């Protein structure tokens with residue numbers, strides 16, 4: 009599994025801690041929204057066909073520095089945006105593929121504290137529900153329906169929260185809403201709306217508490233299950249869940265995680281049995297952990313060295329089940345992104361008769377990992393073993409032709425300690441007879457290659473490429489160039505798509 | 054073949070030596086000797102092996118130069134190349150390599166010596182080599 013390095017998105021900047029909102033209208037398109045350093049509301053987009061666009065102001069909209077922009081796609085060709093403007097009014101605009109961006113308008117006279125988050129959910133493509141903590145600390149809602157337009161704001165079951173508290177809303181199905189908020193006494197409350205019964209009363213969720221204004225993150229992995237996340241009053245990251253069969257569980261600390269008070273925990277479900285969490289930790293580094301139905305919670309890890317101001321939210325979207333995109337305002341106020349893409353793995357067992365003298369073994373492994381990663385293949389050195397076999401250290405490889413091996417090769421390749429049948433063994437020998445940099449000839453279904461002490465940093469990947477089915481090519485900037493990998497131009501060398509496809513189809517890659 | 058042409062041909066990860074020997078021909082021996090003398094082990098080891106495959110008067114001289122290299126990988130190549138030289142040219146080089154401090158080089162020389170039919174040398178190794186695996190290898194390669 010591979011994380012990319014963080015990169016600045018089209019030169020974008022925002023105040024420290026500013027949330028960056030992202031939405032994927034379709035799997036090959038992202039739209040980003042942020043309040044810029046001048047208070048203007050800005051957007052950019054990424055499309056698989058064209059890459060990142062430049063930032064542009066959205067219809068002249070403005071908000072207080074750091075204000076969150078909420079976005080929803082009722083359909084793949086339409087976006088609705090919501091923000092609390094500089095005058096405290098709740099404003100909206102929309103983009104439609106047919107007509108472009110509309111002007112901002114105030115939503116039914118609604119008002120909220122500057123910087124408040126306007127929560128929105130589209131239960132169906134022709135309906136929006138909005139939620140906000142009003143200027144009187146009441147929790148308010150309104151809705152838009154394609155048939156009737158915008159309704160008036162109303163207070164939700166008498167609910168109240170500290171000024172500016174974010175309301176979390178989720179639609180487990182088109183006729184049901186669940187709301188979550190930290191109440192005025194720091195208790196975590198929920199209510200629900202159902203098309204059949206209307207709004208229920210607020211109730212405390214399993215005794216949970218948080219700092220006033222702390223955001224509650226909710227996700228529905230399936231229509232009968234909710235997972236909640238919050239930074240508790242002790243700075244630890246807590247979760248609970250609700251299941252239709254068993255009701256609410258007790259809160260528990262997620263893998264020892266901690267964050268600054270009121271930190272938003274961002275979560276995404278790439279599939280119904282997997283959650284990925286993201287948060288800025290107490291040391292300002294960006295952390296992630298995961299939950300999988302098969303293995304439970306993982307340990308927190310720093311995402312590609314990323315850092316942000318304390319409590320900075322990390323927005324995340326899964327365009328595909330095997331792909332995540334992350335966005336954050338970094339410690340220098342620049343807007344950064346990284347991505348994770350699930351990769352295939354090639355397990356390599358290193359067998360050492362002689363260490364390389366031309367470059368180090370570590371350089372060879374790293375170089376192979378760098379090139380193979382471009383094909384979506386993570387090279388794991390599963391084991392390393394020294395072999396005291398002096399009579400095979402200058403190995404007779406005959407003509408080094410595919411499918412033909414010598415007695416000495418067969419003797420050497422019989423040493424496969426720790427290796428499964430579909431693992432690759434790479435043997436580091438002093439030399440071959442005749443003298444080569446490496447040789448990939450191996451018996452049928454015994455995945456093995458030889459690398460000699462005079463090999464280049466690319467030879468290990470080159471010979472392994474032969475094992476994976478790749479032939480020599482002429483271009484000198486390719487890993488499989490037949491003219492000698494010492495002479496590769498424009499390193500790191502390339503793999504073309506057809507080569508990647510061949511490698512990915514090999515039984516050792518899984 | 055010119056020196057740079059030879060160097061480029063030898064600087065591949067995998068080589069077809071018989072084809073390259075046919076292409077290079079006896080006129081390349083002096084350039085191969087120069088490549089061995091250049092002291093770049095990845096080229097020198099290949100140059101020595103290629104020289105032995107070329108039937109030329111200077112082939113043994115190139116292999117002998119490699120057999121005296123400070124680089125064990127070059128001496129290992131010379132040990133393997135011996136098997137392609139005429140017996141009378143290979144024997145004195147083999148005598149030197151059979152006393153090499155590197156066990157792998159002595160083992161590779163034993164295999165070449167066996168292929169050349171140098172029975173006395175083989176018997177001596179089987180009787181006297183310091184390393185039991187080399188003695189066993191030589192004994193196993195003795196005829197009969």
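Chains as they are written, first to last, in my numbering: chain A, 9 to 518; chain B, 54 to 197. The beta carbon of each residue, even a glycine, is placed where N, CA and C say it ideally should be. In this text, all values refer to a predicted model and were calculated from it rather than measured experimentally.
| Asked | Found |
| --- | --- |
| Residue 122(A) versus 163(A), 344(A) and 141(A), residue with shortest Cα-Cα distance | 141(A) |
| C-beta contact flag for residue 275(A) and residue 225(A) at 8 Å | yes |
| Contacts that residue 438(A) makes with chain B (C-beta to C-beta distance below 8 Å) | 125, 126, 129 and 157 |
| Cβ neighbour criterion (16 or more within 10 Å) applied to residue 401(A) | buried |
| Closer than 9 Å at the beta carbon, the chain B residues around residue 499(A) | Ordered by position in chain B, no residue passes the 9 Å Cβ test against residue 499(A), which lies about 15 Å from the chain. |
| CB-CB length for residue 338(A) against residue 316(A), believed under 8 Å | 6 Å |
| The segment 444-454 of chain A in contact with the segment 414-429 of chain A per 3-pair CB rule at 8 Å | yes |
| Cβ-Cβ distance between residue 297(A) and residue 325(A) below 8 Å | no |
| Of the residues 398(A), 440(A) and 457(A), the one placed nearest residue 431(A), counting alpha carbons only | 457(A) |
| Range of the contiguous alpha helix (DSSP H) that encloses residue 505(A) | 505-512 |
| Same chain, Cβ closer than 7 Å to residue 8(B), five either side skipped, listed in chain order | Outside the displayed span of chain B (54 to 197) sits residue 8(B), for which this structure offers no information. |
| Own chain residues within Cβ distance below 8 Å of residue 482(A), not counting five before or after | 489, 490 and 491 |
| DSSP beta-bridge partners of residue 6(A) | This structure gives no information on residue 6(A), because the portion of chain A shown stretches from 9 to 518. |
| Residue closest to residue 235(A), alpha-carbon to alpha-carbon, out of 511(A), 485(A) and 247(A) | 247(A) |
| Under 8 Å from the C-beta of residue 98(B): neighbouring residues of chain A | 439, 443 and 462 |
| Anticipated Cβ contact below 8 Å, residue 511(A) with residue 373(A), distance rounded | Incorrect: roughly 17 Å between the Cβ atoms, too far for contact. |
| Runs of beta strand (DSSP E) wholly within the segment 72-129 of chain B (minimum 3 residues, chain order) | none |
| Cβ neighbour criterion (16 or more within 10 Å) applied to residue 289(A) | buried |
| Residue 2(A) - DSSP class collapsed to helix/strand/coil | Absent from the structure is residue 2(A), since the part of chain A shown begins at 9 and ends at 518. |
| Unbroken alpha helix (DSSP H) run spanning residue 33(A), endpoints | No alpha helix (DSSP H) holds residue 33(A); the beta strand (DSSP E) holding it covers 29-34. |
| Strand pairing of residue 227(A), partner residues [DSSP] | 235(A) |
| Beta-carbon contacts of residue 127(B) that lie in its chain and below 6 Å, excluding the five residues immediately before and after | 94, 97, 98 and 119 |
| Chain-ordered neighbours of residue 232(A) on chain B, where CB pairs are closer than 7 Å | Per Cβ cutoff of 7 Å: no residues; residue 232(A) is ~58 Å from chain B at best. |
| Proximity winner among 273(A), 303(A) and 403(A), relative to residue 281(A) (alpha-carbon distances) | 303(A) |
| Residue(s) in a DSSP beta bridge with residue 342(A) | 21(A) |
| Endpoints, alpha helix (DSSP H) assigned at residue 181(B) | 172-181 |
| Spatial distance of residue 104(B) from residue 112(B) (CA atoms) | 5 Å |
| Inter-residue spacing [alpha-carbon to alpha-carbon] between residue 82(A) and residue 137(A) | 12 Å |
| Reference residue 207(A), options 64(A), 245(A), 162(A) and 249(A), closest by Cα | 162(A) |
| Any C-beta of chain A under 8 Å from that of residue 149(B) | no |
| Interface positions of the segment 355-384 of chain A facing chain B (Cβ-Cβ less than 8 Å), listed along the chain | 365 and 366 |
| Span separating the alpha-carbon of residue 403(A) from that of residue 436(A) | 10 Å |
| C-beta neighbour in chain B for residue 418(A), strict 8 Å | no |
| Where the beta strand (DSSP E) containing residue 212(A) begins and where it ends | 211-217 |
| Environment of residue 90(A) [buried if 16+ CB atoms lie within 10 Å] | buried |
| CB of residue 128(A) within 8 Å of CB of residue 88(A), strictly | yes |
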